[in-house]
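Following the working numbering, the numbering of the sequence shown begins with -15 at its first residue and continues without gaps.
Note that the Cβ used here is the ideal one computed from N, Cα and C, for glycine as well.
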Amino acid sequence: MTPTQQLQVENLIKVYERGEVLALNDVSMSVERGEFLILIGLSGSGKSTLLRCMNRLIEPTSGKVYFDGIDVTAAGSTQLRHVRRRIGMVFQQFNLVKRSSVLTNVLAGRLGYTSMGRSITGRFSKADIQRAKESLERVGLAEKMYVRADQLSGGQQQRVGIARAIMQEPEVMFADEPVSALDPATSNSILQYLEQMKEEDGVTVICALHFLSLARRYGTRILALNAGEIVFEGLPTEIDADKFKEIYGEDAEEVEIR
């Protein structure tokens, strides 16, 4: 890895269902510090699998993943916990505890820094509680901190997910289809919060998206997957009509999200 590279993936393979589904096929890539890398492709192309293999939420079948020179694929439980503490993640389905308050959900972002006793009892320091409130202010939800998560709209729940990730003070943010269940206006606001983390905090963002129009708007670089293989890697402006067909199929038509 070079000093500017934060993540390196080498020959990554993931096979599901007793060898019958090849989700990732010899994927190699690198991620530069401070970039907003967007993964695009159809459903089932391997975007989510790639993200989850990089922090080992899914175990790769073979290959290597390096984070700041650490071999993530060979890391033991303690080292892996430390790596994950440095990588925030926003999920497609929000992954909130719906019956808990917004504030409690955001505080969960500090569990990687909290002792086992505090984690079990749910006791957090005054500093952590204040930090959680500031994170909610940052995503415009300070007035909702004591509301149950299941009382929020989808866009608000995703903003809680971002606030929870901010609580980790991550160096890298993974966003796995964060706007797929949201309307266009809300989709833009969610991506703007991720862009803000990149610009203001220097966080590297890796985001999986369906829509090329959003990728063009927010991405500094795009990596496209098709059937578990990289079919494009470059600048958003380099994807023309022919390349779009190669990524999404001959019958696909681009949908503009405004």
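Count the other CB atoms, across all protein chains shown, that sit within 10 Å of the CB of Ser119; report buried if there are 16 or more and exposed otherwise. For the purposes of this step, residue 119 is taken as the residue at position 135 of the sequence shown. Under this definition Ser119 is a buried residue.
On the three-state DSSP scale, how would you describe Ala165? Your numbering for residue 165 matches position 181 in the sequence shown. In the structure shown, Ala165 sits in coil (DSSP, three-state: anything other than H, G, I, E or B).
Reduced DSSP secondary structure (H/G/I, E/B, other) of Ala211: Counting from one through the sequence shown, the residue named residue 211 turns up at place 227. Three-state result, Ala211: coil.
Less than 8 angstroms between the C-beta atoms of Val74 and Val67, yes or no? The residue given as residue 74 occupies position 90 in the sequence shown. The residue given as residue 67 occupies position 83 in the sequence shown. No. Outside cutoff.
What runs of the beta strand (DSSP E), each 3 residues or longer, lie entirely inside the region 123 to 170? 156 to 160
Assigned secondary structure, Leu21 (DSSP; H/G/I helix, E/B strand, else coil): For the purposes of this step, residue 21 is taken as residue 37 along the sequence shown, with counting starting at 1. Note: Leu21 maps to strand in three-state DSSP.
Just mark Glu179 as buried or exposed, buried being the case when its beta carbon has 16 or more other beta carbons within 10 Å. Translated into positions along the sequence shown, residue 179 becomes position 195. So Glu179 counts as buried.
Tell me, which residues are paired with Gly218 by DSSP? Here the question's residue 218 lines up with position 234 in the sequence shown. DSSP lists Ile206 as partners of Gly218.
How far does the alpha helix (DSSP H) with Tyr232 in it reach, from first residue to last? Within the sequence shown, residue 232 is the residue found at index 248, counting from 1. From DSSP, the alpha helix (DSSP H) with Tyr232 extends over 225 to 232.
How is the beta strand (DSSP E) around Gln248 delimited, first residue to last? What is shown of the chain runs -15 to 242, which leaves residue 248 out entirely.
Which residue's Cα is closest to the Cα of Pro44: Thr33, Asn79, Ala199, Asp52? Numbered from its first residue, the sequence shown carries residue 44 at position 60. Closest by alpha carbon: Thr33.
To which residues of the same chain is Ile104 closer than 8 angstroms at the C-beta, ignoring the five residues directly before and after it? Taking the first residue of the sequence shown as 1, we reach residue 104 at position 120. The pLDDT assigned to Ile104 is 48, lower than 50, so where the model puts this residue is not dependable; a value taken from the coordinates is nonetheless given after this. So no residue of the chain qualifies.
First and last residue of the alpha helix (DSSP H) that includes Leu91? Numbered from 1 along the sequence shown, position 107 holds the residue referred to as residue 91. Run containing Leu91: 86 to 91, per the alpha helix (DSSP H) assignment.
Integer-rounded CB distance, given that Gly145 should sit under 8 angstroms from Leu21: In the sequence shown, the residue the question calls residue 21 occupies position 37. In the sequence shown, the residue the question calls residue 145 occupies position 161. Actually they are not in contact, since the Cβ atoms of Leu21 and Gly145 sit about 19 angstroms apart, beyond 8 angstroms.
Over what stretch of residues does the beta strand (DSSP E) that includes Met73 continue unbroken? As a first step, residue 73 must be located in the sequence shown, where it is residue number 89. Run containing Met73: 71 to 74, per the beta strand (DSSP E) assignment.
Contact defined as beta carbons within less than 8 angstroms: I believe Ile(-3) pairs with Asp10. What is the distance between those atoms, to the nearest angstrom? The residue you call residue -3 lines up with position 13 of the sequence shown. The residue you call residue 10 lines up with position 26 of the sequence shown. The pair is a contact, with the Cβ atoms about 6 angstroms apart (cut-off 8 angstroms).
My output table needs one value for Val49: the three-state DSSP class, helix, strand or coil. Residue numbering aside, residue 49 sits at position 65 when the sequence shown is read from its first letter. In this structure, Val49 counts as strand in the three-state DSSP scheme.
So for Ser197, helix, strand or coil by DSSP? Within the sequence shown, the letter at position 213 stands for residue 197. Looking at Ser197 - three-state DSSP - the assignment turns out to be helix.
According to the neighbour-count rule (16 or more other Cβ atoms, all chains shown, within 10 Å of its Cβ), is Tyr177 buried or exposed? Translated into positions along the sequence shown, residue 177 becomes position 193. Its Cβ being crowded by 16 or more others within 10 Å, Tyr177 is buried.
Lys128: buried (16+ other C-beta within 10 angstroms of its C-beta) or exposed? Translated into the one-based positions of the sequence shown, residue 128 becomes position 144. Buried, since its Cβ has 16 or more Cβ neighbours within 10 Å.
By how many angstroms is the C-alpha of Gln140 removed from the C-alpha of Arg115? As a first step, residue 115 is located in the sequence shown; it is residue number 131 there, counting from the start. As a first step, residue 140 is located in the sequence shown; it is residue number 156 there, counting from the start. In a straight line, the C-alpha of Arg115 is about 19 angstroms away from that of Gln140.
Per DSSP, Met13 is paired with what? Residue 13 sits at position 29 when you count from the first residue of the sequence shown. Per DSSP, Val(-7).
For Thr57, three-class secondary structure by DSSP: The residue labelled residue 57 in the question sits at position 73 within the sequence shown. Reduced to three states, the DSSP call for Thr57 is helix.
For Gly96, which option in Lys117, Arg69, Ser61 has the closest C-alpha, if you only look at C-alpha atoms? Within the sequence shown, numbered from 1, the residue matching residue 96 stands at position 112. When only C-alpha atoms are compared, the closest one is Arg69.
Just curious, the alpha helix (DSSP H) that Leu34 is in, first and last residue? Against the sequence shown, residue 34 aligns to sequence position 50. Counting along the chain, the alpha helix (DSSP H) containing Leu34 begins and ends at 31 to 38.
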